[in-house]
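Note sheet for the following structure.
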Amino acid sequence: MEREEISRRLCAGDSYQSIAGLLGRAVSTVGREVNNNGGRDVYRAVAAQERALDRGRRPKECLLAREPVLRQTVLDLLSEEWSPEQIVGHLRLRHGDDPGMQISHETIYRSVYITRWKVVPRELCKRLRTGRPIRKNKRHTVKGQWRSQIRDARPIEDRPQAAEDRSESGHLEGDLVIGSNNSQVATLVDRKTRFLHVVKLASRHTAVVVPALAETCTRMDSRLRGTPTWDRGMELAAHKRLSADTGIDVFFAAPRSPWQRGTNKNTNKSKAAAFRMSLARFNSTISFFIALICADSSVVVPGRCPESISSRLTQFRRVSAEPMPSFWATARRAADSFG
């Protein structure tokens, strides 16, 4: 056995490098094996083998089952529709010095979807952003290549540096959100302030989407009207008309690269329930802006400081700046403000 050979070579005073060369292993592998089992002076093959067998026994108890306080915290935040990534960020921010309160987002997902663990109630899967009862294959993509066939599309690499480093307000990320019963909205999210513009659309065809976006951009405060970045969806095939009508340059992310518009994607997922309600209730001929404010200013956006959107938009907002817990109260005010 390799552990027996390691033990004999250590007693002979051989280095990790020579032992690794003899066994055909990496030096780091040999060093980790020895250090995890007491070091050079204590390492014994039998004891190391017993520890390895003990560590490898399956099934192992789930982390949330072993840590009741952590489990309750995760359940509470899931019930408030926090994403696993936000929960991880929150725990690192609030309990960074407590190893017992740390968990990975993948462990949370597995705890939700692996029902035999029985640590997370099954109904909480509906509180996730997707609302799916089972996990979806990550390789699932839109079939066909038609989405990337937009003519004269300016790549995302050409947009201004201020858009890349989020140093200026007004640089937007856009997307089309599809609902039921032939309903859809376009969303525009400011990369710096996270301010969200929602435009109701009667159709997803480019002949309808582009004029609606042009009207939206012309009604914006001039300080909030910058460069929009879109995906390769054909709803913006007539992007040249949008540039001609508004005087702004439109940029496009690379095909099948949603992470290049992460701000918009994260916003759309976090507001999924609100979008479903708005798509079902608002008349399809109305174009409107809605400021969807984080009700809890401590919500952690991965990679960003825990700051409420309203606190960054007081000088730009055209609706009330104080946080409003009711989505429909916010929607009504926004609709009244913009007609």
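Counting in my numbering, the sequence shown runs from 782 upward without gaps. The beta-carbon is built from N, C-alpha and C at its ideal position, and this holds for glycine as well. Nothing here was measured: the structure is a model prediction, and the numbers come from that model.
Where the beta strand (DSSP E) through residue i begins and ends
i              : result
isoleucine 959 : 953 to 959
Assigned secondary structure, residue i (DSSP; H/G/I helix, E/B strand, else coil)
i              : result
serine 1003    : helix
threonine 974  : coil
proline 941    : coil
lysine 917     : coil
lysine 1050    : helix
cysteine 1086  : In this prediction, cysteine 1086 has a pLDDT of 40, which is less than 50 and means its spatial position is unreliable; nothing more can be read from the coordinates.
leucine 843    : The question names leucine, yet the displayed sequence has cysteine at residue 843. In this structure, cysteine 843 counts as coil in the three-state DSSP scheme.
tyrosine 824   : coil
proline 880    : helix
serine 860     : helix
valine 901     : coil
arginine 838   : coil
leucine 746    : Outside the shown range of the chain (782 to 1120) lies residue 746, about which nothing can therefore be said.
glutamate 949  : coil
arginine 908   : helix
glutamine 1041 : helix
glutamine 930  : coil
glutamate 848  : coil
Own chain, CB closer than 7 Å to residue i, minus 5 neighbours either side, in chain order
i              : result
serine 860     : Leu905, Arg908
glutamine 965  : Leu957, Val958, Ile959, Leu982, Arg985
isoleucine 800 : Ile787, Arg790, Val811
asparagine 818 : Tyr824, Ala828, Ala829, Arg832
leucine 844    : Ile884, Thr888
arginine 903   : Thr896
Residue(s) in a DSSP beta bridge with residue i
i               : result
lysine 981      : Val966
tryptophan 1011 : Phe1033
arginine 935    : Phe1032
Proximal residues to residue i (C-beta, below 8 Å), its chain only, five neighbours per side dropped
i             : result
alanine 1018  : Ile931, Arg932, Thr987
glutamine 830 : Met782, Arg784
tyrosine 797  : Val808, Val811, Gly812, Val815
leucine 858   : Gln867, Ile868, His871
arginine 940  : His952, Thr1008, Thr1010, Asp1030, Phe1032
arginine 821  : Leu791, Val815
lysine 917    : Thr911
histidine 876 : Met882, Gln883
Residue burial classification, residue i (beta-carbon count within 10 angstroms, cutoff 16)
i               : result
cysteine 998    : buried
tryptophan 1011 : buried
serine 788      : buried
threonine 1048  : buried
glutamate 945   : exposed
isoleucine 895  : exposed
alanine 1034    : buried
proline 936     : exposed
glycine 805     : exposed
threonine 854   : buried
serine 1078     : Because the pLDDT at serine 1078 is just 32, under 50, the model does not fix this residue reliably, and the value given afterwards should be weighed accordingly. Serine 1078 should be labelled exposed.
proline 1009    : buried
leucine 874     : exposed
tryptophan 1040 : exposed
leucine 834     : exposed
aspartate 878   : exposed
serine 1038     : exposed
glutamate 938   : exposed
Extent of the continuous alpha helix (DSSP H) run through residue i
i              : result
cysteine 792   : 783 to 792
proline 865    : 865 to 875
histidine 886  : 886 to 894
glycine 802    : 797 to 804
asparagine 816 : 808 to 816
arginine 1022  : 1020 to 1027
Cutoff 6 Å; reference residue i; Cβ partners in own chain excluding five residues on either side
i              : result
histidine 886  : Pro865, Glu866, Val869
threonine 1044 : Glu954, Val970, Arg972
glycine 1007   : Gly951, His952
aspartate 1026 : Ala995
arginine 947   : Arg972, Lys973
tyrosine 890   : Pro865
glutamate 949  : Ala943
alanine 846    : Val900
valine 991     : Ala1019, Arg1022, Leu1023
lysine 1050    : Arg910
proline 914    : Cys906
Distance cut-off 6 Å: residue i Cβ against heavy atoms of the ligand NAP
i          : result
serine 796 : Because no ligand of any kind appears in the structure shown, any question about the ligand NAP cannot be addressed here.
Beta carbon proximity, residue i to chain B, threshold 7 Å
i            : result
alanine 1019 : Protein chains in the displayed structure number just one, and chain B is not present.
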